[in-house]
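Position 606, counted from 1, in the sequence shown is what the working numbering calls 610; the numbers after and before it change by one each time, with no gaps.
Where a beta carbon is used, it is the ideal one built from N, C-alpha and C, also for glycine.
Values in this document were obtained by computation on a predicted structure and should not be read as measured data.
Here is the structure we will look at.
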Amino acid sequence: MKKTDFMTMTAAMMLATSACVGPEKTAQTDGPIIGKQEIIVKDGRMTPETLWAMGRIGSSCVSPDGKRIAYTVSYYSVKENKSHLVIYVMNADGSDNQLLTTTAASEGEPAWIKNGSKLAFLAPDADGNSQIWEMNPDGSERVQLSSFAGGIDGFKFSPDESKVLFISQVKYGERTVDKYPDLDKASGMVIDDLMYKHWDEWVQTVPHPFVAPFAGNKVGEATDILAGEPYESPMKPFGGIEQLTWSPDSKCIAYTCRKKTGLEYAISTDSDIYLYNLETKQTRNLCKEDATDKNMGYDTNPQFSPDGGFIAWQSMERNGYESDRNRLCVMDLKNGKKTYVTEAFQSGVDSYCWAPDNQTLYFTGVWHATSMIHRTNLKGEVEQLTEGMYDYASVEMLGDGQLLTKRHSISEADELFTVNLKKANEVTRITQENDHIFKQLKLGKVEARWTKTVDGKDMLSWVIYPVDFDPNKKYPTLLFCEGGPQSPVSQFWSYRWNFQIMAANDYIIIAPNRRGLPGFGMEWLEEISTNYGGHCMDDYLTAIDDIAKEPYVDKDRLGCVGASFGGYSVYWLAGHHNNRFKAFIAHDGFFNMEQQYLETEELWFTNWDLGGPYWDKNNPAVKRSYANSPHLFVDKWDTPILCIHGEKDYRILASQGMAAFNAAKLRGIPAELLIFPDENHWVLKPQNGILWQRTFFNWLDRWLKPQK
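Here you go:
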């Protein structure tokens, strides 16, 4: 999964994209089996319960002969407040779709082994530890292959299947009980360096890559290839098995690692790709062999060409800039030459795969607010293959001139598709996971809207109209403020920030691709850094002012909502909106920039985007940044505001939301605080998700709709 910056908010991402977050990783091993949810949609209107009834398609993998596809789906139960991850198998054309998971235990990460006669997968053992299992492609004859005491987070079998590479957590740092054995019940932690917390955890373990022999029915004794090193591979908080890979000859492992700890880790994004030789035990840093290398930022997700002659990875150039453009680097392993093959695409590479010819790569990337599939050769000649108002979120070779991809839009949750490269890139849908729900729904129309910015540039916004829209009526309208701050407002589908549920509640939504978002060139992307109160805020006001001219927009009932950087935007606009808005909602936004600089864990972000620490008073960028801290403008607040925050959000601490709420109450402004003690930067638990939606719309309806 792609690394996002510390203010990424929209579930897109969000995978989900964009904004769509993955399922909870806690295994459910008892209780009722949570499966496909049946729901009756009243009046065709989407509700929070409708969203949580939808199955969420996850990972997929293609059989060696290209004829079968295994994939995962997460199902949720609001009543049980739990999720269940299951495995399906189908033919490559979508026929003969079979559910293989029939117990309450979650099963995931399927991989074809033994020439496609078996599926390996992860599932809990009797002690609840995740282990590697295998089964027949019809779900029968499940056999546990591994018994690793620490449990397994992800795995890849070597191409010759003589070995398996897997991820497991190892102890990091010294515990209190290590220092004082007689205080075995003490909860206090003595901390002497940074990165003691990350995303939503106190860092006491790090993931390491292990290699073990595989005899066909059992995983043998494992070797930690980072033994004795205090580094993480894959990288927290979002890295998985995609950050490690086997060479085609099964002799080497390429892995992603940032070999830094503490303060050095907290201020740097400089990760590298390492090549470990299993025979010699030698390790090469592929990113730093040439003194002229300029890849000082994130280097992640290596993949060998099918013949092993090349290795590719995603590469960012600048250290400390986690939203730098992700380029696709290809290294010729014979001579060490590196070529950046996506320079003609002035946006980032989000996912990619090799073609069988060893000369072609397919990738996805955002341009003009949609994520399309592209092709490049080793000369860097880039061609766009798909089109339309969609986001293509993944790409994998299916065989016989076809690609397997996952696609969504503002109006459709993820489904799997094939792209026939021999038939004018014909796109065919092969899953119907949520058809039984979408057939009952009325959806709002989505259209693109271009406006001129205050400095004469063109800005693209998405406009989503209410269900049963009548242009002769007037509607309350919401300005959506994106997080990131440099994540795209593309055709994302979110299970929290869902535009169609807003449309179902009779709101018009305008979602601008304001300054600082990818897909419009590097100048547009980078204008936001150290300039949070600049044109990005002008762009928001331009977007809402432009649509407010329409006769169907009630300009006296405008709302402003957003999370993460979008939450910051809400707090900032609350002090600068000049009576435009009648209601605000800020989720996980930062309110006090000086406070944020010292509270967040990934200091590389605040160093880059704010220019550095607030005490660097002679730095013009620092002066500009901190002068735009929303808490400095509370004296101008005059509009009702709802503040939402999770107490396990260690990226933007809950104290920020509490401080904003307290400030509003002290100013005599109507305000509410929705606090989640057990949620992080997102809201992952079903009942909390329902509560979030109900509170969100109750607040907006109270201030933006006539009270009956």
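If you look at Asp543, you'll find it in the alpha helix (DSSP H) that goes His539 to Ile551.
Close CB contacts of Tyr556 within its chain, under the 7 Å cut and outside five residues either way in sequence, are with Pro475, Lys477, Lys478 and Tyr479 (chain order). About 7 Å separates the Cβ atoms of Asn632 and Trp576, confirming a contact at the 8 Å cut-off. Comparing C-alpha distances from Phe473 to each of Lys456, Ile513 and Leu464 shows the shortest one belongs to Ile513. Looking only at Leu55, His581 and Ser251, the smallest Cα-Cα distance to Ala508 is reached by Leu55.
The C-beta distance from Tyr654 to Leu420 rounds to 34 Å, too long to meet the 8 Å contact threshold.
Inclusion of Leu464 and Tyr544 in the CB contact set at 8 Å is not warranted, their separation being larger than that value. Following the DSSP letters along the chain, one finds His581 in no alpha helix (DSSP H), marked with neither H nor E. Shown here for Ala219: not one same chain residue has a beta carbon closer than 8 Å to its own, the five before and five after excluded.
One alpha carbon belongs to Ser351, the other to Thr265, and they sit about 30 Å apart. Assignment of beta-bridge partners to Ile645 by DSSP yields Phe588 and Ala675. Between Pro141 and Leu126, the gap from beta carbon to beta carbon reaches 8 Å or more. Note: Ala216 is bridge-paired with Val168 in the DSSP secondary-structure output. Annotated as proximal: Ser150 and Val223, with beta-carbon spacing under 8 Å.
Rounded to the nearest whole angstrom, the CA to CA distance from Lys669 to Pro644 is 10 Å.
Contact between Ser64 and Ile73 holds, with the beta-carbon distance rounding to 6 Å and staying under 8 Å. Annotated three-state conformation of Phe496 is coil, per DSSP. Among the bridge pairs identified by DSSP, Met393 is matched with none. With fewer than 16 other Cβ atoms from the protein chains shown falling within 10 Å of its own Cβ, Glu293 counts as exposed. In the DSSP assignment, Pro480 falls within the beta strand (DSSP E) that extends over Tyr479 to Cys485. A contact between stretches requires three or more CB pairs, one per stretch, nearer than 8 Å, and the stretch 415–431 fails this requirement with the stretch 517–532. For Gln504, the enclosing alpha helix (DSSP H) starts and ends at Phe503 to Ala508. As DSSP reads the structure, Arg331 sits in a beta bridge with Ser319.
Taken atom to atom, the span from the alpha-carbon of Met393 to that of Arg379 is near 19 Å. In the structure shown, Leu103 adopts extended strand secondary structure according to DSSP, grouped into three states. The beta carbon of Trp703 sits closer than 7 Å to those of Ala587, Ile589, Leu646 and Glu676, all from its chain and outside the five residues before and after it, given in chain order. A residue is called buried once 16 or more other Cβ atoms fall within 10 Å of its Cβ, and Asn684 is buried on that count. For the pair Pro128 and Gln173, the CB atoms are not nearer than the 8 Å cut-off. In this structure, Met320 lies near Tyr302, with their beta-carbon atoms less than 8 Å apart. Taking each of Leu230, Ile271 and Pro310 in turn and checking the Cα distance to Leu279, the smallest one comes out for Leu230. Bridge pairing for Gly650: Phe680 [DSSP]. Between the C-alpha atoms of Glu113 and Glu246 there is a straight-line separation of about 11 Å. In the three-state DSSP reduction, Gly112 falls in the strand class (E or B).
Within the DSSP secondary-structure output, Ile61 pairs in a beta bridge with Val77.
Along the length of the stretch 120–201, whole alpha helix (DSSP H) runs at least 4 residues long occupy 180–183, reported in chain order.
Sorting Lys621, Asn535, Gly661 and Gly615 by C-alpha distance to the C-alpha of Asn596 places Gly661 at the top.
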